Amino acid sequence: MSTSDVKTEAPAAAWRFKLGIGIFIFAFALWLLIPLAASSGVEASRIAALTGGIFVANKLLLLTCIAVMGKSGFQQLKGMVFGYAKNLAPPATVGPVRHVIGLVMFWLPLVSAMLETYVDNIWPGLRPNIWQLQISGDIMLIASFFVLGGEFWNKFRSLFVRTAKVVDVGA
89 MSTSDVKTEA PAAAWRFKLG IGIFIFAFAL WLLIPLAASS GVEASRIAAL
139 TGGIFVANKL LLLTCIAVMG KSGFQQLKGM VFGYAKNLAP PATVGPVRHV
189 IGLVMFWLPL VSAMLETYVD NIWPGLRPNI WQLQISGDIM LIASFFVLGG
239 EFWNKFRSLF VRTAKVVDVG A
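Residue numbers (my numbering): 89 to 259.
1. Is residue 228 near residue 191, with beta carbons less than 9 Å apart?
2. Tell me whether the beta-carbon of residue 189 lies closer than 9 Å to the beta-carbon of residue 156.
3. Can you list, in chain order, the stretches of the alpha helix (DSSP H) that have 4 or more residues and sit fully within the stretch 186-243?
4. Quick one: any contact between the stretch 138-145 and the stretch 164-172, if contact means 3 or more CB pairs under 8 Å?
5. Please classify residue 194 as buried or exposed, where buried requires at least 16 neighbouring CB atoms within 10 angstroms.
6. Along the chain, where does the alpha helix (DSSP H) containing residue 252 start, and where does it finish?
7. Pop quiz: residue 118 and residue 145 are said to be a contact at Cβ under 8 Å. What is the actual Cβ separation, rounded to whole angstroms?
8. Quick one: residues in its chain with C-beta nearer than 8 Å to the C-beta of residue 200, no 5 flanking neighbours on either side, listed in chain order?
9. State buried or exposed for residue 161, treating a residue as buried only when at least 16 other CB atoms are found within 10 Å of its CB.
10. Looking at the unbroken alpha helix (DSSP H) that takes in residue 120, where does it start and where does it end?
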């Protein structure tokens, strides 16, 4: 391979990579059409059809993205995207204060969701039916996994593994 071959391949790879990134972004930006359609008063059946069409189009666009970029370009894109995601991973161990805060964040939305129906039957009108509060509870539950750290997820997962054994290394 001569030096002139290398010079002609680099610009071709650069524009293909940029086009692939554009297709990748467009594939995920299509999902924004669903809330736009819902807010503009489109019928539910059309929104359902739009969702199915976007789902299929998303997969086809991602395949096109891989074809345009090539294997090495797509590997580079994955490295860029998941490089940022690695920084979001929770730490393996957390301190006692953070653990208690995480447990409160984990159990508060679960217990309040369980008690909602009983509170409505015992004292109607006591519980405010505000969707923002319900979403904040869901966000709090998801955030608790990050606050509690990586070991908590392993502990939680072991609840569903029949052969899991408890080993207390802290004692």
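Even glycine gets a Cβ: it sits at the ideal position worked out from N, Cα and C. Predicted, not measured: the structure shown is a model, and the values here were computed from it.
Reading it off the structure:
1. no
2. no
3. 219-236
4. no
5. buried
6. Premise fails: residue 252 is in no alpha helix (DSSP H) and is neither H nor E.
7. 6 Å
8. 225
9. buried
10. Careful: residue 120 lies outside any alpha helix (DSSP H) and carries neither H nor E.
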